[in-house]
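> Under the UniProt record's numbering, the first residue of the sequence shown carries the number 1, and numbering increases by one thereafter.
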Amino acid sequence: METYLDETLSRLITAFHILHQHGVLAEHGHISIRNPYNPSTFFTSNMPAILVASKGDLTQWNVDGSPVAVPYSGCQAVQTVPKTTEHYIHSCIYERYPGVQSIVHAHNLHTIVYGLCNSYGSLLQPSYHMAGFVGSQSPIFNPADHFAGLPPTHPHNFLINHKHLGNALARSFAGADDMDGMASVPVHSVVFQRGNGFVTWARRLEDAVYRAIHVSRAAVIQSMAMSLRCDTDLEILYLNEKEAKDCAETINRAFPPIWAAWVAQVERSGHYHNELKARRG
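1) At the level of alpha carbons, what is the spacing between His214 and Met130?
2) If you drop the 5 nearest sequence neighbours on each side, which residues of the same chain put their C-beta closer than 6 Å to that of Ile33?
3) State the Cα-Cα distance for the pair Ile221 and Ala69, rounded to the nearest angstrom.
4) Per DSSP, which one or two residues make a beta bridge with Ile89?
5) Keeping to the same chain, check which residues put their C-beta closer than 7 Å to that of Ala212; ignore five residues upstream and five downstream.
6) In the DSSP assignment, find the unbroken alpha helix (DSSP H) run with Phe16 in it and report its ends.
7) Can you list, in chain order, the residues of its chain whose CB lies under 8 Å from that of Leu51, leaving out five sequence neighbours each side?
8) With a Cβ-Cβ cutoff of 9 Å, do Pro143 and Tyr94 count as a contact?
9) Along the chain, where does the beta strand (DSSP E) containing Asn167 start, and where does it finish?
10) Do Phe173 and Met188 come within 9 Å of each other at the CB atom, strictly closer than that value?
11) Would you be able to state if there are at least three C-beta pairs under 8 Å between the region 253-267 and the region 154-168?
12) DSSP has Gly121 in a bridge; who is on the other side?
13) Report all residues from its chain with a CB closer than 7 Å to the CB of His164; omit the five preceding and five following residues, and keep chain order.
14) Taking C-alpha atoms, which residue in Ile112, Ala53, Glu27, Ser269 lies nearest to Cys75?
15) If you draw a straight line from the alpha carbon of Gly121 to that of Glu2, how long is it in whole angstroms?
16) The alpha helix (DSSP H) with His214 in it runs from where to where?
17) Count the other CB atoms within 10 Å of the CB of Lys242; is the residue buried (16 or more) or exposed (fewer)?
18) Whose CA, out of Glu27, Ala26, Ile31, Asn35, lies closest to the CA of Asp6?
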């Protein structure tokens, strides 16, 4: 068990590095993975992605949002929960959706703009075949709609640092037919957050990384297309519903060669260190 769990955490560390290299994570943002041996817990890190290098940089949490009292060997024990941590993004989604195995929260510049609209859904559309999973109506979560349920002294700073906000965010992933919270996985693949980026998930860590990268790329592509449209009468042709669905079901995942390429890029860059991988090597 220990060998496999160490390998799982090694992949998590590498995922932080891949997302940093692709500009999805910078000094903020995080990815998590559900514990394969105890699905009521998960692992993540509150450190900047480029600095995550060992089990000592990882923390283990229960899906109720509390830190694991005795974390897995080598992982950091959380004595006091920082006020700036957003682990409730992860814990509340894991608690509601047992089929979710990995979650990414990021707020790179290209994606923040697609959560600023005063509407239910984001303007971001599936613009190319690698991002069919985006769908035609990714919700926008506005934490201000839920501030009234917070304690009076809790700051309205857009951080998802209270379970009330985490549960509300998790509900925003549900479709109209799943408001009772009985589904294994969310209806929506991506939820944008007003002023705080986006959240995406997957059944595998590698696919969560894939989605986060291609949400960011889709945002760049659409923004460029919309700016070019200002100089022409031509309309932008996004993927239709069937095209997006077929792409999502057949090609929108991190196939082994894709993952291997991303891993090779971070390892050859010289910018990152994965102590678990070095130890196994």
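For glycine and all other residues, C-beta sits at the position ideal for the given N, C-alpha and C.
None of the values given here were measured: they were computed from a predicted structure.
If we stick to the structure as given:
1) 7 Å
2) Leu12, Phe43, Ser102, Leu205
3) 44 Å
4) Partner(s): none; Ile89 has no beta bridge.
5) Leu19, Val24, Val104, Ala106, Thr200
6) 2-21
7) Asp57
8) no
9) Not the beta strand (DSSP E): Asn167 falls in the alpha helix (DSSP H), residues 163-172.
10) According to the sequence displayed, residue 188 carries His and not Met. Yes, they are a contact pair.
11) no
12) Pro139
13) His146, Gly149, Leu150
14) Ala53
15) 43 Å
16) 205-229
17) exposed
18) Asn35
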